[in-house]
Amino acid sequence: MSRAFNFSAGPAVLPVEVLEATREAVYDFNGLGMSIMEMSHRSKEYDAVIKEAQADCLKLMGLSPEEYVVLFLGGGASMQFYMLPFNFLNKKANYIDTGVWSTKAIREAEKVGEVNVIASSKDKNYNYIPKNFTVDSDADYLHITTNNTIYGTAWAKDPENVKVPLLADMSSDLFATRRDYSKYSVIYAGAQKNIGPAGVTLIVMKKSLLENAQRKLDKFPSMLDYKVHVKAGSMFNTPPCLPIYVVGQTFKWIMKQGLEGLEQKNIKKANVLYDAMDASNGFYVPAVTAKEDRSLMNVTFRIRTGDTELEEKFVKEARAKYNMANLKGHRDVGGLRASIYNSCPIEWVEALVKFMNEFMNENK
Ligand SMILES: *Cc1c(COP(=O)(O)O)cnc(C)c1O
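What the sequence shown shows, in my numbering, is residues 8 to 371, in sequence order.
See below:
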């Protein structure tokens, strides 16, 4: 099979090694004569799969199992938008609004209690990351979105001096760069951008946050109660068995690359793309002008000041000539977007730049 150059924002590219291991496990898991989809999630073989994925995740994050717990739940990152305030919002929550996904998280939290949006980049159509904000000292937590998939912005640095628990949606940049994960009380991510297929959401939670949670959950639905899931080792009900396996395999792949290696590769990939735009004399224009806020994962750009006809032609030609797929920007913002997640090879980015130059020469 020849692989398409797939620049999808999600579900997105996975390492070939992971696909191959999954193909094998789907047919015959570890020579057991059963598919991983056919076996009990309570079997000792499957138990090893989920436990290893949980342990590897903490290892990658440099967090200890004494302090943090790893859950794999259904419902997508979107489910966490509600579950987090449902469990942890008592008095008031602080949010920073950096785009559509932050806004959705805010809307859900508002259904639970008081929300203070302490900073927003809405004034400039979310093309930067707010730098000046003050966290309410009596907030239950602060929530941020580390990478804004739709706009192509990202927090280059973790927010500093946050004295309340910090909760982050890392759906689209998990393990893209090295971070101090111990600054976070909750890290969560829908798997389908960077670590696996759709159907499972990773939640890494500081145990003390859960222990200190004041909300009384006795009468609340069990499925929305983190304590229930933690107590059951993320197996309160049947977990998304196959997606968790794929995530575990992706963690192994990430370990092999090394977080530093991955970060350097990601920086290089993004630079190759942005450099090509800089050299294009205004033919390709990055959507995010503030360089320090540019995402390494989702590179958003326009042709000239938004020549929609040429952009459409670009998307069509990329597909027809070179099998480059999913270069259209999100429907909310238009333009073009190349999502170049962890497992996107640098060769793909180089091929894209070659096409970009060819297209520019034919259409300028
Ligand atoms: C895609 C995405 C989501 C939504 O994830 P679902 O798993 O579809 O609910 C949330 N946050 C960010 C940053 C995303 O990129």
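Using N, Cα and C, we set each Cβ at its ideal position, and we do this for glycine too. In this text, all values refer to a predicted model and were calculated from it rather than measured experimentally.
Next item on the list: Under 7 Å from any heavy atom of ligand 1, by CB: list those residues in chain order, please.
Entry: 17, 83, 84, 85, 86, 108, 152, 154, 155, 156, 176, 178, 179, 197, 199, 200, 205, 208
Checklist line | residue 237 beta carbon less than 8 Å from that of residue 65 | finding: no
Checklist line | Nearest-angstrom Cα separation, counted from residue 272 out to residue 360 | finding: 16 Å
Note to self: Taking a contact to mean a Cβ-Cβ separation below 8 Å, would you say residue 85 touches residue 111 in this structure?
What the structure shows: yes
Next item on the list: With distances taken Cα to Cα, identify the nearest neighbour of residue 304 among 104, 195, 163, 53.
Entry: 163
Margin query: Extract the residue ranges of the beta strand (DSSP E) inside the segment 278-304, only unbroken runs of 3 or more that lie entirely within it.
Written below: 291-293
Next item on the list: Could you tell me which residues DSSP pairs with residue 151 in its beta bridges?
Entry: 175
Check: Using DSSP with H/G/I as helix, E/B as strand and the rest coil, what is residue 198?
Finding: coil
Notebook entry, point to check: Which runs of the beta strand (DSSP E) fall wholly inside the segment 121-145 and span at least 3 residues, in chain order?
Noted result: 121-127
Check: Of all the options 109, 234, 189, which has the alpha carbon lying nearest to the alpha carbon of residue 74?
Finding: 189
Notebook entry, point to check: Whole-angstrom Cβ separation of residue 268 and residue 309, contact assumed at under 8 Å?
Noted result: So it is not a contact: roughly 32 Å between Cβ atoms.
Notebook entry, point to check: Between which two residues does the beta strand (DSSP E) carrying residue 104 extend?
Noted result: 99-104
Checklist line | Buried or exposed by the 16-neighbour rule on C-beta atoms within 10 Å, applied to residue 200 | finding: buried
Check: From residue 321 to residue 293, what does the alpha carbon distance come to, in whole angstroms?
Finding: 15 Å
Notebook entry, point to check: Can you tell me where the alpha helix (DSSP H) with residue 75 in it begins and where it stops?
Noted result: Taken as a continuous stretch (DSSP letters only), residue 75 belongs to no alpha helix (DSSP H), being part of the beta strand (DSSP E) at 75-80.
Checklist line | CB-CB length for residue 210 against residue 87, believed under 8 Å | finding: 7 Å
Next item on the list: Assign residue 265 to buried or exposed, taking buried as 16 or more other Cβ atoms, counted over all protein chains shown, within 10 Å of its Cβ.
Entry: exposed
Next item on the list: Taking the CB atoms as reference points, tell me whether residue 295 and residue 106 lie closer together than 8 Å.
Entry: no
Notebook entry, point to check: Residue range of the alpha helix (DSSP H) that residue 216 falls in?
Noted result: 214-219
Next item on the list: Please name the residue in 16, 54, 34 whose C-alpha comes closest to that of residue 45.
Entry: 34
Margin query: Given a cut-off of 8 Å on the beta-carbon distance, is the pair residue 220 and residue 123 in contact?
Written below: no
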